[in-house]
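Per this note's numbering, residue -13 is the first one in the sequence shown, and the count goes up by one each step. C-beta atoms are modelled at their ideal positions from N, C-alpha and C, and glycine is treated no differently. To start, the structure under review is shown below, and the notes come after it.
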Amino acid sequence: MLQPIKPPVLNNFIDGEQPNTRNGLYFRDGKRKVDYVLAYNYRTHVSVKSALVSQGLAVISNGSSVNPEGKDQVQTQQSSQHEQGLVMEVAPQDVLEDDRRSRREAFQRKLVEAGLEIESDEENKNQGTGFIRIHAPWHTLSREAEFLKIKVPTKNVYEVKEESGIITALNKVWHKITKPFEPKVQHVENDTKTKHISYDFSREKIHLYNIKDKETFFNSATRSRIVYEILKVTGSTKGQYGSTGIAALIANGTYDSAYPLHEGNYEGDEVNERKMLHEEWARYGAFYKYQPIDLIRKYFGENIGLYFAWLGVYTEFLIPASVVGIIVFLYGCATLDTNIPSLEMCEHNFTMCPLCDQFCDYWNLSTACSTAKASHLFDNPATVFFSVFMALWATMFLEHWKRRQMSLCYQWDLTGLEEEEEHPRPEYETKLFQKNRKKGKQKNRKRSKTEAKEENRDSGKNKWRETVLSTMGEESLEKLTWRDRIPGYFIGLSSVLFMFGLTFSAVFGVIVYRITMSAIMAMSSNPSTRANVRVTVTSTAVIINLVVILILDEIYGAVAKWLTEIEIPKTEKSFEERLIVKSFLLKFMNAYAPIFYVAFFKGRFMGRPGDYVYVFDNYRMEECAPGGCLIELCIQLSIIMLGKQLIQNNLFEIGIPKLKKLHRKLKDKGTKPEESNTNQTRPPQQWDLDYNLEPFTGLTPEYMEMIIQFGFVTLFVASFPLAPLFALLNNVIEIRLDAKKFVTELRRPNAVRAKSIGIWYNILSGMGKFSVIINAFVISFTSDFIPRLVYQYLYSETGTMDGFIDHTLSHFNVSHFKPGSAPVFSEFHKQIVICRYRDYREPPWSSNPYEFSKQYWSVLAARLAFVILFQNLVMLLSEGLDWMIPDIPKDISEQIKKEKTLMVDVFLKEEHEKLQLIQNFLKKDQPAQPKPNLKTLAPRSRASSLCQFSPEKKPSHGTQHTDV
């Protein structure tokens, strides 16, 4: 099919000479700042370029024309080309491209109607990427700032009261000591002793605000946020999608991306906020410096500012936890030579029962001397104190963060921030539109079948009624009901349960690997292989666990996003919260399932000699090491924690962006010649450089990494006191890694207002409480702390730990082995009659052989009692700390009240001045009019006080007060 080329619709033109865009941060006039950029992919119908390309023209909407003569010339060239009747054959992809182009044009016209100014370059390639630059003028910024209730500083300043006392003096001394660690950046407010009173922006009260320059009154992050709010609610043509806004246009391919610009280059000589952040924050060489939180918030917005503030507080709190953890570890090292149980294991040659059937021989307990000593480093009385300390530490951390968060909200003028009304997501609107259309068609079918039986005398009337009823039916549906979401909920629940089963299957697979490998290595003829069975199997199994966890983590992240999408949440906040909950549940189970197995299940269901529990009828269930399961729990926890931090949190974050950047470079090198620019290539502008960066996908992955790490630090800290130290070292690198990623490798995110970290705080609080229960069970059932206490105070004749190892080992008569399970070949020269195994059971010569002994029930009762006591004691202390520490610092609370009082005084003074102005005006008007009755005269309302006064106008009799 042949169609003539339609001349493009252009608004205003400027000269195509070298523009003064200041490295792409401004329009071609060099005055209007680029607040937002829309990028789109295009392809032309023919390879012949119009005369517009040779002129190098740019299109500007809602702007002034610099070269009107050039405009007439171009329009003449367009009309002549149109008259020549250039034709082309339209392919299916051309129809789609024309549809997208029409959508873009309609959308951009509505942006102009909304008060924005846009600029674009002419498309001069067969196919390529085009950019639409958007500028928000003052009248648009002020209108939207008033609608969004953005708080801005007024001219009124008050003095911030400084508290006096020992704490204040110590803080001043601390600030002097830590001054070298402060970043060298210009603070948002240089004078910390005074503060401007902030109030919601209002055009009626513009005289109250401290406006020195309208172009810089709103910073770049606020300007881009205002433009994005307009982009979210502006529609083009609904068509078959039924949704509006830039998100819907990106989803259907009309635009490729939308993003605000970075503030110039971070490597050049020009000083800008991006360069300051790179020099003082986003470098590994600045690891010892505090974070410039105020500048981060100013550049990236409150949401990202709160994330880095929380990460900084968390990292600072890891310092005392690391110090105490090191002390606990050093205590274990110092008491290693005086620990009686480990010395008894090294000195007494108890003959132990075989570790497997037939091929495993008897062995001496003294061969596990090194394991016993290593276990004491982490399983000693100090670990109980450390568990209590870490439970209180988690409470202190959360309470301190609440106070810090409130201080930041006060400094950033977020104390009165209300929940903004969110617009529905494009997917939700599309689903709702499809439902309405489907319901309308069903109604039309039923109505047409009924009306076909009636007479055709009033068919026109029926058609009109049908249209009205159909419209009413569609408008009556305002939201999707739970019936529409049942399929998504059902799929989500079944998928989550399936993922849990997959995780348990992976853990069970590793268990089978350990059992089979232990049996195979025990059959080896090499003595060194048989001697290192436990070490080899444990280490390789943990590495396999780590690899499985890393793989399933990536799968679970994608699955959680897909499950959230099919539930069709209405708003972005609802979508984010549901995604966080699903991701956390799946990744929590994935990361901690192997650790839970070692801590609470390994060695519990193995049976006893002569009556073992078998897997697949041939392989015995594995048992704990001679020193206990706590040392294996320590190995499991340390390798998984360090592996996740090193590989997933660091190598992946560094390597994947570099690989993507390399892929883009290779892709650009392979560009076909016909796709290249026909004109001289202009230097890359800022929007070009930012387009080549990775898009920002949210803070969920960043928070998730730290939440999982927080679980490693708190949940099983009784088994690995050095966990806070390794978390601290990781976070020092993580902060700079994330900072570098945000400053140099990601497009600038949209500034989002937030006064808290949201649902993440609830997850942290829940994990803190859950850690108390987990550590209570780890100390009671996994470590030997309770059996030692029971032996020392109930069964020891001397009141010491002498004889503890012999007390924990039961006796077994080797003649009671099942046929085929006794060792075939034994290297022991003496005839073995009795072997020992770790359990509390009656001896074979007892009346109830191999039944649980009284010591077992005593230890079990003591373990349960300790769990209850430990849990309630720590919970009580935590709640006490929560009650004692106020959520809002006292000075902040007083300053908030003072600021509100001063703001009321300002408004009352303003209203009083207006009333005086009215009364003075009326006194001047007394000779010309009869004397007014002042008793009945009421002050003017706020709206009328802003009008121009004239002698003919009468005063208003309505009264209106300003609410603050």
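Item to check | Length of the line joining the Cα atoms of S352 and L859 | outcome: 39 Å
Item to check | CA-to-CA distance, F682 to R733, given in whole angstroms | outcome: 6 Å
Item to check | Burial state of L685, where buried means 16 or more other Cβ atoms lie within 10 Å | outcome: buried
Next on the checklist: Using C-beta distances below 8 Å, list every residue in its chain close to Q634, excluding the 5 sequence neighbours before and after it, in chain order.
Outcome noted: Result list for Q634: L536, D539 and E691, in chain order.
Checklist entry - Do the region 688 to 707 and the region 269 to 287 meet, that is, are 3 or more Cβ pairs less than 8 Å apart? => result Short answer: they don't touch.
Item to check | Backbone CA spacing between C395 and K275 [nearest angstrom] | outcome: 23 Å
Item to check | 6 Å Cβ shell around V257 - same chain, five flanking residues per side excluded | outcome: none
Next on the checklist: Assuming V370 is part of the alpha helix (DSSP H), what are its boundary residues?
Outcome noted: P367 to Q397
Item to check | Element boundaries [alpha helix (DSSP H), containing L850] | outcome: K840 to M870
Item to check | F798 in three-state terms, based on DSSP | outcome: strand
Checklist entry - CA-CA distance, L953 and K646? => result Only positions -13 to 950 of the chain appear in this structure, which leaves residue 953 out of reach.
Checklist entry - What residue range is occupied by the uninterrupted alpha helix (DSSP H) comprising I232? => result I232 to A237
Checklist entry - What distance in whole Å lies between the Cβ atoms of S807 and D323, which are believed to be in contact at a cut-off of 8 Å? => result With a Cβ gap of about 39 Å, D323 and S807 do not count as contacting.
Checklist entry - Using the C-alpha atoms, what's the distance from P670 back to S88? => result 28 Å
Checklist entry - Distance, Cα to Cα, Y414 vs E253? => result 43 Å
Next on the checklist: I need the DSSP call for S65, collapsed to helix, strand or coil.
Outcome noted: For S65, the predicted structure reports a pLDDT of 45, less than 50, and the residue's modelled location is therefore unreliable. A value from the coordinates is still provided. It is helical.
Checklist entry - Near I626, what residues of its chain come up, given a Cβ to Cβ distance below 6 Å and the 5 sequence neighbours on each side ignored? => result Closer than 6 Å at Cβ, skipping near neighbours: L532.
Checklist entry - Looking at the C-beta of L632, does it have a partner C-beta in chain C at a distance below 8 Å? => result Here there is only one protein chain, and chain C is not present.
Checklist entry - Do V23 and L11 have their C-beta atoms closer together than 8 Å? => result no
Checklist entry - If S769 sits next to D365, beta carbons under 8 Å apart, how far is it from one beta carbon to the other, in whole angstroms? => result Yes, they are in contact, since the Cβ atoms of S769 and D365 sit about 5 Å apart, within 8 Å.
Checklist entry - F419 to T467, Cα distance in whole Å? => result 14 Å
Checklist entry - Does DSSP classify T240 as helix, strand or coil? => result coil
Checklist entry - Leaving out five residues before and five after E460 in sequence, what residues of the same chain have Cβ atoms less than 8 Å from its Cβ? => result Caution is warranted here: a pLDDT of 40 is assigned to E460, below 50, making its placement in the model unreliable, and the coordinate value is therefore given only provisionally. Excluding positions up to five away in sequence, the list reads N422, R423, K425 and G426.
Item to check | Stretch-stretch touch, CB-based, cutoff 8 Å, three pairs: the region 129 to 138 with the region 198 to 218 | outcome: yes
Checklist entry - From T301 to D868, what does the alpha carbon distance come to, in whole angstroms? => result 21 Å
Item to check | Burial state of I216 (16 or more Cβ within 10 Å) | outcome: buried
Next on the checklist: Here's the rule I'm using: 16 or more other beta-carbon atoms within 10 Å means buried, otherwise exposed. How should I791 be labelled?
Outcome noted: buried
Checklist entry - When DSSP labels each residue in this structure, what does Y836 get in the three-state scheme? => result coil
Checklist entry - Cβ atoms of V764 and A848: under 8 Å apart, would you say? => result no
Item to check | Cβ pair P169, P278 closer than 8 Å | outcome: yes
Checklist entry - Per DSSP, which one or two residues make a beta bridge with A25? => result Here A25 is bridged, per DSSP, to F117 and S243.
Checklist entry - Just to confirm, are M870 and V758 a CB contact at a threshold of 8 Å? => result Not closer than 8 Å, so no.
Checklist entry - Does the region 369 to 386 come within contact of the region 716 to 726, defined as at least 3 CB pairs closer than 8 Å? => result no
Checklist entry - Apart from the five residues on each side of it in sequence, which residues of its chain come closer than 8 Å, Cβ to Cβ, to M509? => result F345.
Item to check | Given D85 as reference, the closest of I153, R29, L616 and K876 once Cα atoms are compared | outcome: For the residues I153, R29, L616 and K876, the minimum Cα distance to D85 belongs to R29.
Next on the checklist: Short of 8 Å in beta carbon distance, which residues of its chain neighbour K417, apart from the five on each side in sequence? Order them along the chain.
Outcome noted: L466, D470 and I554
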